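This note's numbering runs 31 ahead of the 1-based position in the sequence shown.
We treat Cβ as the ideally placed atom computed from N, Cα and C, and that holds for glycine.
Computed from a predicted model, the values in this text were never measured in an experiment.
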Amino acid sequence: MAKLTKKQKEAKAKVDVNVAHNLMDASTLVKEITNVNFDASVDIAVRLGVDPRKANQMVRGVVTLPHGTGKEVRVLALVTPDKEAEVKEAGADYVGLDDYLQKIKEGWTDVDVIVTLPSVMGKLGPLGRILGPRGLMPNPKTGTVTMDVAKAVQDVKGGKIDFKVDKTGIVHASIGKVSFEAEKLAENAHELVQTLVKLKPSTVKGSYIKSIFLSSTMSPSVAIDTKTV
32 MAKLTKKQKE
42 AKAKVDVNVA
52 HNLMDASTLV
62 KEITNVNFDA
72 SVDIAVRLGV
82 DPRKANQMVR
92 GVVTLPHGTG
102 KEVRVLALVT
112 PDKEAEVKEA
122 GADYVGLDDY
132 LQKIKEGWTD
142 VDVIVTLPSV
152 MGKLGPLGRI
162 LGPRGLMPNP
172 KTGTVTMDVA
182 KAVQDVKGGK
192 IDFKVDKTGI
202 VHASIGKVSF
212 EAEKLAENAH
222 ELVQTLVKLK
232 PSTVKGSYIK
242 SIFLSSTMSP
252 SVAIDTKTV
């Protein structure tokens, strides 16, 4: 087992594992215990009382964080020539179609999100084995396959993220940076949790939001009182 550094020990000592905090206090504490020389990401992990193996308990959706993620999101817009000008104006980093499809076929995936038109999805099908494992395949459910591609680009650039419960029943998401004010982190976290609440499957019995933890890159996790979110 790796030894903890002095800073890691100090951070761990400030976290009482038996105490669950409200979102504001948890956000403040995460900022306090983060000791890295870069602007670390702040992540939330929400354990849901679902069985992801059952299709009717798969929780997936999108949420627009009120204060964004703090990350520079690189967007590729795969569109027909008549749409190129509007997606460029909307802020897409890469715009085109056949040339980028060929680049992807050759292994290029240096983007964070791909948005496209419904009419283009047929061309993307054969690239599923490349895009799928990287979470880059556009999907109508997440708003990345749409006729209004300019709005899709703006939404992604403005803090819209998609999430999906993993096989262990946990939703992981980045909700900002340590440089954010604690209030903004708390508001982003609240927005995500409330979105999850709205997506509760009707087949779920008992507790739905089982636990919530907040952490930053290399920091200990801070428990959140689910009743306060």
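Measuring CA to CA, which of Val77, Ala76, Val46 is closest to Lys62? Selected option, being the one with the closest Cα: Val46.
What residue does the beta strand (DSSP E) around Tyr239 start on, and which one ends it? Per DSSP, Tyr239 belongs to no beta strand (DSSP E) and is neither H nor E.
On the DSSP bridge assignment, give the partners of Lys119 in chain order. Residue pairing for Lys119: DSSP places it in no beta bridge.
I need the DSSP call for Leu223, collapsed to helix, strand or coil. The DSSP-derived three-state label of Leu223 is helix.
Considering only the alpha carbon of each residue, which of Lys154, Gly101, Asp179 lies closest to Ala204? Checking every option, the nearest Cα to that of Ala204 belongs to Gly101.
Rounded to whole angstroms, what is the Cα-Cα separation between Ile64 and Thr111? Distance from the CA of Ile64 to the CA of Thr111, rounded to the nearest whole angstrom, comes to 48 Å.
In this structure, how does DSSP classify Met32 when only helix, strand and coil are distinguished? The pLDDT assigned to Met32 is 45, lower than 50, so where the model puts this residue is not dependable, and the model offers no usable value.
For Gly190, count neighbouring C-beta atoms within 10 Å of its own C-beta (all shown protein chains included) and say buried if the count is 16 or more, exposed if not. Buried.
If you drop the 5 nearest sequence neighbours on each side, which residues of the same chain put their C-beta closer than 6 Å to that of Thr259? Cβ within range, chain order: Asn53.
Inter-residue spacing [alpha-carbon to alpha-carbon] between Lys195 and Met89: So the alpha carbons of these two residues sit roughly 8 Å apart.
Check Val228 in the structure and name its three-state DSSP category. In this structure, Val228 counts as helix in the three-state DSSP scheme.
Check for me: the alpha helix (DSSP H) holding Ser58 runs from which residue to which? Where Ser58 is concerned, the enclosing alpha helix (DSSP H) stretches over 54-64.
Asn219, buried or exposed, once every other Cβ within 10 Å from all chains shown has been counted against 16: Under this definition Asn219 is a buried residue.
Restricting to Cα atoms, I'd like to know which of Val81, Asn49, Thr59 is closest to Ser227. A quick correction: the sequence has Leu, not Ser, at residue 227. Per the Cα distances, Val81.
Is the distance from the Cβ of Ser58 to the Cβ of Thr248 below 8 Å? Against a cut-off of 8 Å, the Cβ pair of Thr248 and Ser58 comes out as no contact.
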